[in-house]
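The structure appears below as structure tokens.
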């Protein structure tokens, strides 16, 4: 109508203008995932134009980052869109990393809180897909920075609260536009909060506490477990609310057993048992479960990624609990997010084990030396990212001296591990060929690394130890060492007196060919020398100088132990949950 009114005389609604003015980004796709419409907020979030996007397949417009071969953003989004298309239901995804092209041939790291909503025709068929990817990169990066900070100040708390409030408000506004129901708003808010928390989970125990303890706890759940398939077994991590006895009794189940966790994990079935009678009717074995846990109502859902069954999410309530449709949807969304997080944890665990195995293979045993005991240890960090650049080495020089090395390449990832392997092997070769004192070895190493194009920074200590020969040589054992920006070695005298071998600092390896100095001292019989990386002494909440002093005191107190036991005791006392890898080399004059 020319006057902008509809047939009933009411002002016409300009849906296109509303769509374009929405503050959240939206993308409209056909069922075959072709982009047919996009709003201004989406164009701003992705720095793209309508001409670049309309008519293209969404994954051609936003391909996977080739520099991140293990990225899961593309397959996860594809699976979510297909679920929404096939089921005709909205699909809320867990927090995703999905890098986007920067327009210059590279990619920009971005994190999103995505939702995919089917648009149905009058016959219930899916005719379009509405994709809403809320950009939460600032939120995720701020959260990560806080884990690296030593303290949480008031200003940081306000920023975090503002970020979380903004994320919650945006999610709530979207759900309000799709379903004007308070229950649905709470569901979305809970899912967004859960996704943010799951992003920080590094173990199945953390995952269980987040999903069951904090997520489903908001719905009144009194306990539960995440069960993981392991060949013919199901290994369960239970919440603390179920007690030690329950955790001991049900930490393992047969994969093909009769209990709900096994049925969901093996057969992919969802089980809802609203009361004790339903539980006992499901299987007589539930009588012991109910009596042991005190929980009457149960829900168990399969944890599935694609076609793979990873395990089950099982939740219980003390009182009878009818499962309404809205709550069933929440449980299904929780299980989907739990499955994606569990898959990430398992993949990262396998990567960590592979990296740790490779790193250990690069660290060879020390040689036997008459008159000298040598013990070495490598202790990985608690966090999976921390496999990388720490190393030790001990070998015989061409002139018969024992060369000992401790070092740490900057960075804590596979690139650091590769650089460590190059530096370690190159140092060995340079030391053997030159036959020079440690300072000259460092100079030769830097020349070789520069010629080989290895550009990285590392700290290290190289020492030459000479012990008297078997023919009654009256000279004492002797140490010559050079320190390239590394924490000082600890020397423990036979009487337990311990001191740091502090010298004027020489620069790190990799900063350039700079003069370095050798240092020398005699070693008494029974003296112990401790070389270590900073993971042994550095903590996020403690200055490194405090940690080094703790090491000095502990080394003096433990020096009466045999050398292998000495190393074990040092690690046990100083590395309960190390933030970084630890490499340790100790030698004792016999």
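In our numbering, the protein residues as written are 38 to 627. We put the CB at the ideal spot given by N, CA and C, even for glycine.
Compare the Cα-Cα distances from residue 100 to each of 514, 138, 591 and report the closest residue. 138
Compare the beta carbon distance of residue 410 and residue 627 with 8 angstroms and say whether it is the shorter of the two. Their beta carbons are under 8 angstroms apart, which means residue 410 touches residue 627 by this criterion.
Among residues of its own chain, excluding the 5 on either side of residue 38, which ones have a beta-carbon nearer than 6 angstroms to its beta-carbon? Residue confidence for residue 38 is low, a pLDDT of 42 falling below 50, so the modelled location carries little weight and cannot support an answer.
Check this for me: beta carbons of residue 568 and residue 443, under 8 angstroms apart or not? Yes, the Cβ-Cβ distance between residue 568 and residue 443 is below 8 angstroms.
Kindly list the residues whose CB is nearer than 6 angstroms to the CB of residue 447, restricted to its own chain and excluding five residues on each side of it in sequence; keep chain order. 494
Residue 340 versus residue 264 - alpha carbon distance: 9 angstroms
Below 8 angstroms on the Cβ atoms is my contact criterion, and I expect residue 151 with residue 168 to pass it. Report the Cβ-Cβ distance as a whole number of Å. 7 angstroms
Does the beta-carbon of residue 553 have 16 or more other beta-carbons within 10 angstroms, so that it is buried, or is it exposed? buried
Distance, Cα to Cα, residue 548 vs residue 491? Roughly 12 angstroms separates the two Cα atoms.
With a CB to CB cut of under 8 angstroms and the five nearest residues on each side skipped, what residues in its chain are close to residue 157? 125, 163, 164
Less than 8 angstroms between the C-beta atoms of residue 575 and residue 617, yes or no? yes
For residue 360, count neighbouring C-beta atoms within 10 Å of its own C-beta (all shown protein chains included) and say buried if the count is 16 or more, exposed if not. exposed
Could you pull out every residue in the same chain whose Cβ sits closer than 6 angstroms to the Cβ of residue 377, ignoring the five residues on either side in sequence? 131
Can you tell me whether residue 289 is buried or exposed, with buried defined as 16 or more other CB within 10 angstroms of its CB? exposed
Are the stretch 293-304 and the stretch 266-273 touching, with three or more C-beta to C-beta distances below 8 angstroms? The stretch 293-304 makes contact with the stretch 266-273, as at least three CB pairs between them are under 8 angstroms.
Residue span of the alpha helix (DSSP H) that contains residue 330, given as start and end: Counting along the chain, the alpha helix (DSSP H) containing residue 330 begins and ends at 323-330.
For residue 167, write down the residues that DSSP places opposite it in a beta bridge. 65, 154
Could you tell me the alpha carbon to alpha carbon distance between residue 224 and residue 367, rounded to whole angstroms? At residue 224 the pLDDT is 48, less than 50, meaning the model places this residue with poor confidence; the figure from the coordinates comes in the next sentence. In a straight line, the C-alpha of residue 224 is about 6 angstroms away from that of residue 367.
Going by other Cβ atoms of all chains shown within 10 Å of its Cβ, with 16 needed for buried, is residue 84 buried or exposed? exposed
What's the gap between the Cα of residue 623 and the Cα of residue 546? Those two C-alpha atoms are separated by around 23 angstroms.
Straight-line gap, residue 591 to residue 334 (C-alpha atoms, nearest Å): 53 angstroms
Can the beta-carbon of residue 308 be found closer than 8 angstroms to that of residue 336? yes
What residue from 122, 120, 108, 318 has the CA that sits closest to residue 136's CA? 108
Could you say if the stretch 56-63 and the stretch 74-84 meet the contact criterion of at least three C-beta pairs nearer than 8 angstroms? yes
Compute the beta-carbon to beta-carbon distance between residue 104 and residue 144, rounded to the nearest angstrom, for a pair I have assumed lies under 8 angstroms. 7 angstroms
Considering just the uninterrupted stretch of the beta strand (DSSP E) at residue 267, what are its terminal residues? From DSSP, the beta strand (DSSP E) with residue 267 extends over 260-267.
Buried or exposed, going by whether 16 or more other CB atoms sit within 10 Å of the CB of residue 655? Because the chain in this structure spans residues 38 to 627, residue 655 falls outside the shown range and cannot be described.
Classify residue 160: buried if its beta carbon has 16 or more other beta carbons within 10 angstroms, exposed otherwise. exposed
Along the chain, where does the beta strand (DSSP E) containing residue 309 start, and where does it finish? 308-310
Does DSSP put residue 213 in a helix, in a strand, or in coil? Bear in mind that a pLDDT of 48 at residue 213, under 50, signals an unreliable position, so the number given afterwards is only what the model happens to contain. Of the three classes helix, strand and coil, the one that applies to residue 213 here is helix, per DSSP.
Could you name each continuous alpha helix (DSSP H) segment of 4 residues or more that falls completely within the stretch 472-540, going from the start of the chain to the end? 475-489
Counting C-beta neighbours from all protein chains within 10 Å, is the total for residue 555 16 or more, i.e. buried, or is it exposed? It is buried - the Cβ of residue 555 has at least 16 other Cβ atoms within 10 Å.
Enumerate, from N- to C-terminal direction, the unbroken alpha helix (DSSP H) stretches of 4 or more residues contained entirely within the stretch 589-616. 600-611
With DSSP collapsed to three states, give me the class of residue 133. strand
Cβ atoms of residue 484 and residue 550: under 8 angstroms apart, would you say? yes
Quick one: give me the first and last residue of the beta strand (DSSP E) that residue 630 is part of. Past the boundaries of the shown model lies residue 630; the chain is included only from 38 to 627, so the question cannot be answered.
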